[in-house]
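Data first, discussion second: the structure below is written as structure tokens.
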Amino acid sequence: MSQTDIAVVGGGPAGTLSALNLAKNGYKISLFEEHQSAGFPVQCAGLVSEDCIKLLKSYVNPDRFLLNSIHGAYFFSPSGDFIKVKGKTRAAVVERKLMDTELLKAASSVAEIFVKEKVLSVNLHGDSVYLKTSRSNYSSKYIVGADGVYSKVARDLKFERPKILSAIQLESRFECMDEKYVELYFGREYSDFFFGYAVPTGDEFARIGVVSKNNAFYWISKLLREHPSVSQRVECTKSCELNCGAIPFGLVDFVKKNAVLIGDSAGMVKPYTGGGIYYLALAAECLGEHFPDLEEFRSRYLQKLGKEYRFGYKIARLYRELSDEDYEYLIGVAEGIRFEELHMDMPTTVLKVLPAFLKLLRNPKLSLRIAKCLL
Ligand SMILES: Cc1cc2nc3c(=O)[nH]c(=O)nc-3n(C[C@H](O)[C@H](O)[C@H](O)COP(=O)(O)OP(=O)(O)OC[C@H]3O[C@@H](n4cnc5c(N)ncnc54)[C@H](O)[C@@H]3O)c2cc1C
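Each residue of the sequence shown is one higher than the last, beginning at 1 in this note's numbering.
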């Protein structure tokens with residue numbers, strides 16, 4: 001049986017960034033990835049903040065996977081009315097296949113990488129972890145479960161599991177309102193959980209998608225065929241790339257004895273968008289700083305992001321609380337909001353503009369419902 005200090009399961013961004021951060025402490029790391037390469041199949045719109053790119057820059061050269069830079073967003077009401085909002089900071093669209101490949105390459109300089117090796121079972125006995133893979137048996141002192149939303153590590157070690165949302169995304173030719181702005185489509189007709197989106201890739205194409213509680217295919221069909229604005233601008237052909245994926249909803253306890261979960265396996269995604277890359281990159285960094293004190297890691301990560309998760313869930317609840325009429329009304333009056341105060345990764349920044357926004361509404365019932373949901 002081969003021995004290692006830390007076994008990392010999963011070669012996605014959570015696994016590779018964990019390996020890169022843990023290696024700073026001189027541990028022997030073995031990383032297992034069931035596929036030949038990382039980032040395949042692609043299940044990501046690739047939208048990340050400027051802060052996330054800065055963080056990734058400490059490990060790899062982002063120029064190798066940047067597709068487009070984003071300056072803000074269009075918010076659409078169900079009838080197709082919209083406002084254009086310039087962000088305080090920029091965002092970027094990345095090509096996940098390339099990003100994951102670069103990260104795996106970087107991780108291979110600090111860890112032993114086993115590709116095409118699936119972890120089949122994980123057990124904790126005493127102070128050791130035992131792994132059975134599709135090729136061999138291993139033991140380690142610690143294990144990092146970075147094996148995505150359906151994590152085998154989490155299931156075998158009986159971690160609590162997050163709820164799972166389904167997502168569908170189409171990459172297609174699209175007449176964007178502005179290639180530097182993402183588009184968000186609100187309303188009960190286009191998503192039963194979040195909103196629909198279009199993320200321009202900068203080449204007259206966009207990744208258009210929806211996140212749903214139970215039938216993403218139904219909602220994406222409605223968005224593409226019936227949305228008054230999207231349906232006029234999308235060019236769906238048989239050659240369009242269609243990706244289905246899962247998004248975890250709900251951060252779970254991610255530390256147990258000598259085991260830790262990072263990324264989708266732990267539900268480390270922004271609960272109001274489903275974006276996971278920045279929150280998992282921060283977790284991997286925090287893990288590296290505090291390892292081997294896993295309790296300290298948990299406490300520091302929650303200190304940094306706990307209130308953002310909690311407020312993020314409230315925003316996600318608000319999407320479902322608002323009716324189509326509410327969205328029409330809100331888009332109509334939203335021009336008066338100081339959007340430049342908002343940070344796409346830090347939902348509590350909404351609190352900076354909330355009092356002025358509620359005053360602006362001139363609709364006491366709606367103000368009360370929003371306040372009840374968010375405060
Ligand atoms: C449609 C869609 C759009 C999204 N858009 C965005 C976005 O715009 N921005 C953003 O920040 N996030 C986005 N996300 C979320 C983002 O893709 C995830 O949060 C991120 O990929 C999580 O990374 P991870 O490393 O935790 O998991 P994954 O990327 O899923 O990687 C897990 C890895 O583990 C491997 N693995 C699994 N089981 C085993 C096993 N038993 N043995 C060995 N290896 C195993 C898998 O092969 C995989 O390579 C999107 C998600 C979806 C579904």
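No residue lacks a Cβ here, since even glycine has one placed at the ideal position from N, Cα and C. Just so we're clear, the structure is a prediction, and the values are computed from it rather than from any experiment.
Closest residue to glutamate 325 among Ser79, Phe195 and Asp63 (Cα-Cα distance): Numbered from 1 along the sequence shown, position 325 holds the residue referred to as residue 325. If we check each option's Cα against that of glutamate 325, Ser79 comes out closest.
For ligand 1, is there a heavy atom less than 7 Å away from the beta-carbon of histidine 35? Residue numbering aside, residue 35 sits at position 35 when the sequence shown is read from its first letter. Yes; taking the cut-off as 7 Å, the Cβ of histidine 35 has a heavy atom of ligand 1 nearer than that.
According to DSSP, residues forming a beta bridge with histidine 125: Taking the first residue of the sequence shown as position 1, residue 125 is located at position 125. Bridge pairing for histidine 125: Ser128 [DSSP].
May I have the straight-line CA-CA distance separating proline 347 from threonine 237, to the nearest angstrom? In the sequence shown, residue 347 corresponds to position 347, counting from 1. In the sequence shown, residue 237 corresponds to position 237, counting from 1. Cα-Cα distance, rounded: 37 Å.
Hey, would you say the C-beta of serine 265 is under 7 Å away from at least one heavy atom of ligand 1? Position 265 of the sequence shown, counted from the first residue, corresponds to residue 265. Judged by the Cβ position, serine 265 qualifies as a neighbour of ligand 1 at the 7 Å threshold, a heavy atom of the ligand being closer than this.
Cβ pair count under 8 Å reaching 3, the region 352-365 against the region 114-122: No, they do not touch.
Determine, using beta-carbon pairs with one atom in the region 137-144 and one in the region 221-237, whether at least three such pairs fall under 8 Å. Segments in contact, no.
How is phenylalanine 32 classed by DSSP in three states: helix, strand or coil? Here residue 32 refers to the residue found at position 32 of the sequence shown. DSSP places phenylalanine 32 in strand when its eight states are reduced to three.
Taking buried to mean at least 16 other C-beta atoms within 10 Å of its own C-beta, is leucine 282 buried or exposed? Position 282 of the sequence shown, counted from the first residue, corresponds to residue 282. In summary, leucine 282 is buried, with 16 or more beta-carbon neighbours lying within 10 Å of its beta-carbon over all protein chains present.
The beta strand (DSSP E) enclosing leucine 56, as first and last residue numbers: Stepping through the sequence shown from its first residue, residue 56 is reached at position 56. No beta strand (DSSP E) holds leucine 56; the alpha helix (DSSP H) holding it covers 50-56.
Measure how close the beta-carbons of alanine 321 and cysteine 373 come, nearest whole angstrom, since I'm counting them as under 8 Å. Taking the first residue of the sequence shown as position 1, residue 321 is located at position 321. Taking the first residue of the sequence shown as position 1, residue 373 is located at position 373. Rather than alanine, the amino acid found at residue 321 in this sequence is glutamate. The C-beta distance from glutamate 321 to cysteine 373 rounds to 5 Å, short enough to fall under 8 Å.
Indicate whether the contact test is met: 3 or more Cβ pairs, each with one atom in the region 74-90 and one in the region 27-43, closer than 8 Å. Contact between the region 74-90 and the region 27-43 is absent: fewer than 3 CB-CB pairs across the two stretches fall below 8 Å.
Can you tell me which of Asn21, Asp51, Leu318 and Leu330 puts its alpha carbon nearest to the alpha carbon of aspartate 192? Numbered from 1 along the sequence shown, position 192 holds the residue referred to as residue 192. Closest option to aspartate 192, Cα to Cα, is Leu318.
Need the endpoints of the beta strand (DSSP E) that tyrosine 181 sits in, please. Here residue 181 refers to the residue found at position 181 of the sequence shown. 181-185 is the span of the beta strand (DSSP E), which, as asked, contains tyrosine 181.
When you compare each of Gly10, Leu124 and Ala45 to serine 30 by their alpha carbons, which one comes out closest? In the sequence shown, the residue the question calls residue 30 occupies position 30. Distances from the alpha-carbon of serine 30 to those of Gly10, Leu124 and Ala45 put Gly10 closest.
Have a look at isoleucine 113 and isoleucine 168 and give me their C-alpha separation to the nearest angstrom. As a first step, residue 113 is located in the sequence shown; it is residue number 113 there, counting from the start. As a first step, residue 168 is located in the sequence shown; it is residue number 168 there, counting from the start. Approximately 31 Å, taken between the alpha carbons.
Just to confirm my understanding: we take isoleucine 83, look at its own chain, exclude 5 residues before and 5 after, and list those with CB closer than 8 Å. What are they? Indexing the sequence shown from 1 puts residue 83 at position 83. For isoleucine 83, where only same-chain residues beyond five positions count, the Cβ hits under 8 Å are Tyr74, Phe75, Ile331, Ala334 and Glu335.
In the DSSP assignment, find the beta strand (DSSP E) that holds proline 13 and state where it starts and stops. On the sequence shown, position 13 is the one that residue 13 refers to. DSSP places proline 13 outside any beta strand (DSSP E); the residue lies instead in the alpha helix (DSSP H), whose first and last residues are 13-22.
Return helix, strand or coil for serine 221, following the three-state DSSP convention. Locating residue 221 in the sequence shown gives position 221, counting from the first residue. In the structure shown, serine 221 adopts helical secondary structure according to DSSP, grouped into three states.
Grouping DSSP H, G and I as helix and E and B as strand, with all else coil, what is tyrosine 319? Within the sequence shown, the letter at position 319 stands for residue 319. The answer is helix: DSSP assigns tyrosine 319 an H, G or I state.
If the criterion is Cβ atoms closer than 8 Å, does the pair alanine 19 and valine 8 meet it? Residue 19 sits at position 19 when you count from the first residue of the sequence shown. Residue 8 sits at position 8 when you count from the first residue of the sequence shown. Yes.
Are there any heavy atoms of ligand 1 lying less than 7 Å away from the beta-carbon of leucine 47, as far as the coordinates show? What you label residue 47 is simply residue 47 of the sequence shown in a count that begins at 1. At least one heavy atom of ligand 1 sits closer than 7 Å to the Cβ of leucine 47.
With burial defined as no fewer than 16 other Cβ atoms inside 10 Å of the residue's Cβ, what is the status of methionine 1: buried or exposed? Residue 1 sits at position 1 when you count from the first residue of the sequence shown. Under this definition methionine 1 is an exposed residue.
Can you give me the C-alpha to C-alpha distance between glycine 276 and asparagine 214, rounded to a whole angstrom? The residue labelled residue 276 in the question sits at position 276 within the sequence shown. The residue labelled residue 214 in the question sits at position 214 within the sequence shown. Rounded to whole angstroms, glycine 276 to asparagine 214 spans 20 Å at the Cα level.
Sort Leu280, Leu342 and Thr273 by Cα distance to tyrosine 301 and report the nearest one. Along the sequence shown, one-based indexing puts residue 301 at 301. Among Leu280, Leu342 and Thr273, the Cα nearest to that of tyrosine 301 belongs to Leu280.
Quick check on leucine 351: buried or exposed, where buried means 16 or more other Cβ atoms within 10 Å of its Cβ? Within the sequence shown, numbered from 1, the residue matching residue 351 stands at position 351. Counting Cβ neighbours within 10 Å, leucine 351 comes out exposed, since fewer than 16 surround it.
Considering only the beta carbon of each residue, do leucine 251 and glycine 267 sit closer than 8 Å? Locating residue 251 in the sequence shown gives position 251, where the first residue counts as 1. Locating residue 267 in the sequence shown gives position 267, where the first residue counts as 1. Their beta carbons are under 8 Å apart, which means leucine 251 touches glycine 267 by this criterion.
Contact test: aspartate 324 Cβ vs ligand 1 heavy atom, cutoff 7 Å: Reading the sequence shown from its first residue, position 324 is the one you call residue 324. Exclusion of aspartate 324 from the 7 Å shell around ligand 1 follows from its C-beta lying no nearer than that to any non-hydrogen atom of the ligand.
Along the alpha helix (DSSP H) that carries phenylalanine 357, what are the first and last residues, could you check? Along the sequence shown, read from residue 1 onward, the residue named residue 357 stands at position 357. Unbroken alpha helix (DSSP H) run through phenylalanine 357: 350-361.
Report the partner residues of glutamine 169 according to the DSSP bridge assignment. Start at 1 with the first residue of the sequence shown, and residue 169 comes out as number 169. Its beta-bridge partners are Gly209 and Asn243.
Local conformation of aspartate 100 per DSSP, three classes: Position 100 of the sequence shown holds residue 100. Residue state, collapsed to three classes: helix.
For aspartate 5, which residues of its own chain have a beta-carbon under 8 Å away from its beta-carbon, when the five flanking residues on both sides are left out? Counting from 1 along the sequence shown, the entry for residue 5 is found at position 5. When the five nearest sequence neighbours on each side are left out, the beta carbons in the same chain lying within less than 8 Å of the beta carbon of aspartate 5 are those of Tyr27, Lys28, Ile29, Ser140, Lys141 and Tyr142, in order along the chain.
Reduced DSSP secondary structure (H/G/I, E/B, other) of asparagine 235: The sequence position of residue 235 within the sequence shown is 235, counting from 1. Here residue 235 is glutamate; the residue named in the question, asparagine, does not match the sequence. It is a strand residue.
DSSP bridge partner residues for glutamine 43 (one or two, in chain order): One-based indexing of the sequence shown puts residue 43 at position 43. Its beta-bridge partners do not exist; DSSP assigns none.
Cβ pair isoleucine 337, phenylalanine 357 closer than 8 Å: As a first step, residue 337 is located in the sequence shown; it is residue number 337 there, counting from the start. As a first step, residue 357 is located in the sequence shown; it is residue number 357 there, counting from the start. Closer than 8 Å, so yes.
Cα-Cα, which of Ala259, Gly12, Asp293 and Tyr130 is closest to threonine 101? The residue you call residue 101 lines up with position 101 of the sequence shown. Answer by Cα proximity: Gly12.
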